[in-house]
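For reference, the structure is listed below as structure tokens.
2 protein chains.
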Amino acid sequence: MNIEGTRQVQGGIATDLKPAMSASPLVRKLGALCLLSEEEIEFLEGLQNNTLNADRGRDFIVEGKDLRTTFIVIEGWAIRYSVLSNGRRQILSYALPGDILGLHVNFRATATYSASALTPLKLSVVDPRRVIEISQKFPIIAAGLSWCTAREFAILGDQAVRLGRLSARQRLAHLFLELWHRFALIGDNNGDWLEIPMTQQDLADTLGMSLVHTNRSLKSLRDIDLISVEKDHVRLNNVKALIEMSEFNPEHLSEFEI
Amino acid sequence: MNIEGTRQVQGGIATDLKPAMSASPLVRKLGALCLLSEEEIEFLEGLQNNTLNADRGRDFIVEGKDLRTTFIVIEGWAIRYSVLSNGRRQILSYALPGDILGLHVNFRATATYSASALTPLKLSVVDPRRVIEISQKFPIIAAGLSWCTAREFAILGDQAVRLGRLSARQRLAHLFLELWHRFALIGDNNGDWLEIPMTQQDLADTLGMSLVHTNRSLKSLRDIDLISVEKDHVRLNNVKALIEMSEFNPEHLSEFEI
DNA sequence: CCTGAAGTATAACCTATGTTACATCATCGG
DNA sequence: CCGATGATGTAACATAGGTTATACTTCAGG
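Protein sequences, first through last, are from chains A and B. Following the numbering used here from start to finish, the first sequence increments by one per residue and tops out at 286. Following the numbering used here from start to finish, the second sequence increments by one per residue and tops out at 286.
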């Protein structure tokens with residue numbers, strides 16, 4: 029909604045200036061916050077030179093194991109999750125292109141979560157020491173990363189609200205809205221259609237529900253015509269109504285005025 | 029109650045040892061990670077000069093309003109929470125002495141959560157620009173703050189696991205264990221006894237349950253003798269059993285090897 | 001073109017948790 | 001010392017959501 033506006037601004041800038049176009053999603057994301065200098069863009073792109081491809085289902089961070097790497101998502105979706113000893117899984121968050129995993133990894137030796145590729149995934153692998161370097165040499169980028177961190181907190185906080193205080197149907201709607209708004213920011217939005225590469229089991233593990241009830245609740249959202257579902261895609265038929273019924277707060281994901 | 033106690037400890041130490049001892053909880057917390065230089069300690073203490081007292085129940089961060097301040101908890105408990113339009117509240121996390129609220133506030137203009145004093149609270153009020161200053165001048169402190177951030181993520185992730193995948197009794201046990209371990213780090217642990225300044229309604233709002241069911245579940249934990257309850261305190265009668273039954277993972281809160 | 005594996009759909013039944021209602025117990029200002 | 005207010009305890013009943021079971025559908029690989 030109000031993100032529409034910002035996306036267009038972004039798009040406008042992107043078509044005008046060359047470098048931003050070929051830019052990695054991270055540069056596009058940070059570039060949406062404030063103009064980046066050539067030097068800053070170059071540094072950010074250079075940071076992402078070392079890439080890694082992961083097949084669907086491949087874990088690249090494993091809870092309890094050493095983690096001394098920062099990953100930046102270039103293409104595809106990843107999930108952050110945790111598995112209990114009884115086998116139940118809780119997906120904590122989705123990482124989309126431009127998102128960073130392990131930004132604050134410097135000291136902490138062991139991962140407190142696992143991460144795996146939900147779709148074929150292209151990651152860049154960054155030495156966290158280079159992240160530290162940033163704060164000294166590129167204050168603007170540092171501020172951008174700090175904003176990313178605040179945003180991750182907001183997203184995870186929303187996830188807690190979903191899990192703690194929303195009904196099954198609300199949780200689904202709320203999650204779809206979150207993803208829809210997040211895609212809007214990186215300019216990858218496709219009208220009301222939203223790519224949903226996860227299975228219903230994944231959705232269930234995200235929203236703290238059973239597979240059966242996830243299916244039931246999806247159906248009931250379809251029945252009242254709030255969403256339409258097609259292979260790997262969901263259409264948000266009435267964003268306003270969805271926002272209202274799910275108590276979604278778009279402000280948590282909107283940009284800020286500098 | 030035990031705030032009395034901890035204050036005394038603090039006070040007691042303060043009279044004994046000069047520098048490290050009169051230290052603020054934040055200095056103690058970071059000092060537990062790595063030795064801090066005199067200069068670093070001085071800077072951190074200076075950072076916290078500007079203090080503010082808040083009565084129980086007083087909101088000092090309000091969701092949706094401008095937030096351009098960083099707060100450090102000096103004494104007492106705070107909660108971070110979010111209220112839905114239907115009036116339901118979800119408590120996201122507890123802030124204990126040494127914890128920082130709004131560390132990544134620089135850019136983002138509006139708060140995505142509220143925060144309020146759960147007990148009489150002493151906060152220090154910090155200009156976020158001074159936080160930025162840190163990363164340039166005090167790399168060790170910057171690394172410590174980065175570790176704090178990673179830890180907050182781990183704690184919030186655990187909260188999501190609780191809400192999404194644990195039963196009511198497990199949630200209670202899991203939360204108590206989290207708090208117990210967190211107090212252990214700042215050295216304010218009182219044996220198996222744990223201060224619980226929150227009401228059962230607060231607990232319910234933390235764990236995504238109703239007040240009645242919170243009461244029921246507490247009783248059932250008492251009945252099987254895993255905990256004992258006394259005014260504002262809980263005794264963890266069998267930490268090992270509690271860890272097992274609640275699938276708590278102490279690693280998420282443990283320190284790291286440098 | 002068939003087969004098996006993974007995903008989706010749906011029904012029937014069960015249980016954990018929510019809701020409403022009320023009693024009891026502290027605490028605190030007057 | 002009293003009454004009001006907020007917190008805790010518990011019972012009875014209602015329901016959202018979990019579980020088990022079984023089809024159906026898609027799709028990749030032989």
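All C-beta atoms in this analysis are idealised placements derived from N, C-alpha and C, irrespective of residue type, glycine included.
Point to revise | Contacts around aspartate 127 of chain B, its chain only, beta-carbon distance under 6 Å, and the 5 residues preceding and following it disregarded | key: The residue labelled residue 127 of chain B in the question sits at position 99 within the second sequence. Correct list, in chain order: Val101.
Exercise for review: Starting from histidine 261 of chain A, follow the beta strand (DSSP E) in both directions and report where the run begins and ends.
Suggested key: Residue 261 of chain A sits at position 233 when you count from the first residue of the first sequence. Histidine 261 of chain A -> beta strand (DSSP E) spans 261-264.
Exercise for review: Would you tell me roughly how many angstroms separate the C-alpha atoms of arginine 263 of chain A and aspartate 155 of chain A, rounded to the nearest one?
Suggested key: Start at 1 with the first residue of the first sequence, and residue 263 of chain A comes out as number 235. Start at 1 with the first residue of the first sequence, and residue 155 of chain A comes out as number 127. Straight through space, the alpha carbons of aspartate 155 of chain A and arginine 263 of chain A are spaced by roughly 39 Å.
**Study point:** Below-8 Å beta-carbon distance, leucine 120 of chain B vs any chain A residue
**Key:** Here the question's residue 120 of chain B lines up with position 92 in the second sequence. So yes, leucine 120 of chain B belongs to the interface.
Practice item. Give the DSSP-derived three-state secondary structure of valine 159 of chain B in the structure shown. Key: Here residue 159 of chain B corresponds to residue number 131 of the second sequence, with the count starting at 1. It is helical.
Exercise for review: Anything in the stretch 138-170 of chain A with a Cβ closer than 8 Å to a Cβ of chain B? List those residues in chain order, please.
Suggested key: For the stretch 138-170 of chain A, the set of positions with a beta-carbon nearer than 8 Å to some beta-carbon of chain B reads Thr138, Thr140, Tyr141, Ile160, Ser163, Gln164, Pro167, Ala170 in chain order.
Practice item. Can you tell me which of A:Glu258, A:Asp216, A:Ser245 puts its alpha carbon nearest to the alpha carbon of proline 125 of chain A? Key: Within the first sequence, residue 125 of chain A is the residue found at index 97, counting from 1. Ranked by Cα distance from proline 125 of chain A, the first of A:Glu258, A:Asp216, A:Ser245 is A:Asp216.
Exercise for review: Work out the CA separation of phenylalanine 166 of chain B and leucine 131 of chain B for me, nearest whole Å.
Suggested key: For the purposes of this step, residue 131 of chain B is taken as residue 103 along the second sequence, with counting starting at 1. For the purposes of this step, residue 166 of chain B is taken as residue 138 along the second sequence, with counting starting at 1. The alpha-carbon of leucine 131 of chain B is positioned some 16 Å away from that of phenylalanine 166 of chain B.
Point to revise | Limits of the beta strand (DSSP E) - the one that aspartate 87 of chain B falls within | key: Translated into positions along the second sequence, residue 87 of chain B becomes position 59. Residue range 87-89 is occupied by the beta strand (DSSP E) that includes aspartate 87 of chain B.
Check your understanding: Going by other Cβ atoms of all chains shown within 10 Å of its Cβ, with 16 needed for buried, is arginine 158 of chain B buried or exposed?
Key -> The sequence position of residue 158 of chain B within the second sequence is 130, counting from 1. Result: exposed.
Practice item. For glutamate 72 of chain B, collect the residues of the same chain with a Cβ closer than 8 Å to its Cβ; drop the 5 residues on either side in sequence, then sort them by chain order. Key: Your numbering for residue 72 of chain B matches position 44 in the second sequence. For clarity, residue 72 of chain B is leucine in the given sequence; the question names glutamate instead. Contacts found: Ser52, Leu54, Val55, Leu58, Leu64, Ile169.
**Study point:** Host beta strand (DSSP E) of threonine 79 of chain A (start-end)
**Key:** Counted from its first residue, the first sequence places residue 79 of chain A at position 51. Element bounds for threonine 79 of chain A: 79-82.
Review point. In the DSSP assignment, what residue or residues form a beta bridge with asparagine 218 of chain B?
Key: In the second sequence, counting from the first residue as 1, residue 218 of chain B sits at position 190. B:Trp221.
Review point. When we look at the beta-carbon of aspartate 186 of chain B and count the other beta-carbons within 10 Å, is it buried (16 or more) or exposed?
Key: By 1-based counting over the second sequence, the position of residue 186 of chain B is 158. The residue is buried, with at least 16 neighbouring Cβ atoms inside 10 Å.
Practice item. Return helix, strand or coil for serine 245 of chain A, following the three-state DSSP convention. Key: Translated into positions along the first sequence, residue 245 of chain A becomes position 217. Serine 245 of chain A falls in the helix class under three-state DSSP.
Exercise for review: Please work out which residues of its chain come closer than 8 Å, Cβ to Cβ, to leucine 281 of chain B, disregarding the five sequence neighbours upstream and downstream, and give them in chain order.
Suggested key: Within the second sequence, numbered from 1, the residue matching residue 281 of chain B stands at position 253. Arg179, Ala182, Ile183, Glu206, His209, Arg210, Leu213, listed in sequence order.
Check your understanding: Straight-line CA distance for leucine 61 of chain A to isoleucine 160 of chain A?
Key -> Position 33 of the first sequence, counted from the start, is the residue given in the question as residue 61 of chain A. Position 132 of the first sequence, counted from the start, is the residue given in the question as residue 160 of chain A. Cα atoms of leucine 61 of chain A and isoleucine 160 of chain A: separation of roughly 21 Å, rounded to the nearest angstrom.
Exercise for review: Look up lysine 268 of chain A in the DSSP assignment and give the residues it is bridged to.
Suggested key: What you label residue 268 of chain A is simply residue 240 of the first sequence in a count that begins at 1. Bridge partners of lysine 268 of chain A according to DSSP: none are assigned.
Exercise for review: Locate the alpha helix (DSSP H) running through lysine 150 of chain A, then write down its first and last residues.
Suggested key: The count along the first sequence starts at 1 and reaches residue 150 of chain A at position 122. Per DSSP, lysine 150 of chain A belongs to no alpha helix (DSSP H); it is in the beta strand (DSSP E), 149-154.
Review point. Would you call the CB atoms of leucine 194 of chain A and serine 274 of chain A closer than 8 Å?
Key: Position 166 of the first sequence, counted from the start, is the residue given in the question as residue 194 of chain A. Position 246 of the first sequence, counted from the start, is the residue given in the question as residue 274 of chain A. Between leucine 194 of chain A and serine 274 of chain A, the gap from beta carbon to beta carbon is short of 8 Å.
Practice item. Report the neighbours of glycine 192 of chain B on chain A: residues whose CB is nearer than 7 Å to its CB, in chain order. Key: As a position in the second sequence, residue 192 of chain B is number 164, starting the count at 1. The answer, in chain order, is Gln118, Leu191, Gly236.
Review point. According to the neighbour-count rule (16 or more other Cβ atoms, all chains shown, within 10 Å of its Cβ), is glycine 40 of chain A buried or exposed?
Key: The sequence position of residue 40 of chain A within the first sequence is 12, counting from 1. Any reading at glycine 40 of chain A must be qualified, since the residue scores a pLDDT of 34, below 50, and its modelled position is unreliable; the value itself is stated next. Around the beta-carbon of glycine 40 of chain A, fewer than 16 other beta-carbon atoms lie within 10 Å, marking it exposed.
Point to revise | Other residues of its chain near serine 163 of chain A: CB distance less than 7 Å, five sequence neighbours each side excluded | key: In the first sequence, residue 163 of chain A corresponds to position 135, counting from 1. Here the set comprises Ala170.
Point to revise | chain B residues whose Cβ lies nearer than 7 Å to that of glutamine 187 of chain A | key: Taking the first residue of the first sequence as position 1, residue 187 of chain A is located at position 159. Residues of chain B whose Cβ lies closer than 7 Å to the Cβ of glutamine 187 of chain A are, in chain order, Ala188.
Practice item. Tell me, please, whether the CB atom of histidine 287 of chain B is closer than 8 Å to any CB atom in chain A? Key: In the structure as shown, chain B starts at 29 and stops at 286, and residue 287 of chain B therefore has no counterpart that could be examined.
Exercise for review: Determine, using beta carbons only, whether asparagine 243 of chain A comes closer than 8 Å to chain B.
Suggested key: Locating residue 243 of chain A in the first sequence gives position 215, where the first residue counts as 1. No, asparagine 243 of chain A does not count as interfacial toward chain B.
Exercise for review: Indicate whether the contact test is met: 3 or more Cβ pairs, each with one atom in the stretch 86-100 of chain A and one in the stretch 135-155 of chain B, closer than 8 Å.
Suggested key: Result no; under three Cβ-Cβ pairs closer than 8 Å.
Review point. Since glutamate 279 of chain B meets chain A, which of its residues come closer than 9 Å, beta carbon to beta carbon?
Key: Against the second sequence, residue 279 of chain B aligns to sequence position 251. In chain order: Glu91, Gly92, Thr138, Thr140.
Exercise for review: Quick one: list the residues of chain A neighbouring alanine 196 of chain B, beta-carbon separation under 8 Å, in chain order.
Suggested key: Numbered from 1 along the second sequence, position 168 holds the residue referred to as residue 196 of chain B. Simply none; closest approach about 12 Å.
Point to revise | Where asparagine 77 of chain B meets chain A, residues with beta-carbon distance less than 9 Å | key: As a first step, residue 77 of chain B is located in the second sequence; it is residue number 49 there, counting from the start. The contacting residues do not exist; asparagine 77 of chain B stays about 23 Å from chain A at best.
**Study point:** Strand pairing of threonine 98 of chain B, partner residues [DSSP]
**Key:** If you number the second sequence from 1, residue 98 of chain B lands on position 70. Per DSSP, the beta bridge partners of threonine 98 of chain B are B:Val154.
Check your understanding: DSSP state of glutamine 118 of chain B, grouped into three classes?
Key -> Here residue 118 of chain B refers to the residue found at position 90 when the second sequence is read from its first residue. Of the three classes helix, strand and coil, the one that applies to glutamine 118 of chain B here is strand, per DSSP.
Point to revise | Cα-Cα separation, leucine 129 of chain A to lysine 259 of chain B | key: To locate residue 129 of chain A, count along the first sequence from 1; it is residue 101. To locate residue 259 of chain B, count along the second sequence from 1; it is residue 231. Leucine 129 of chain A and lysine 259 of chain B: Cα-Cα distance of roughly 42 Å.
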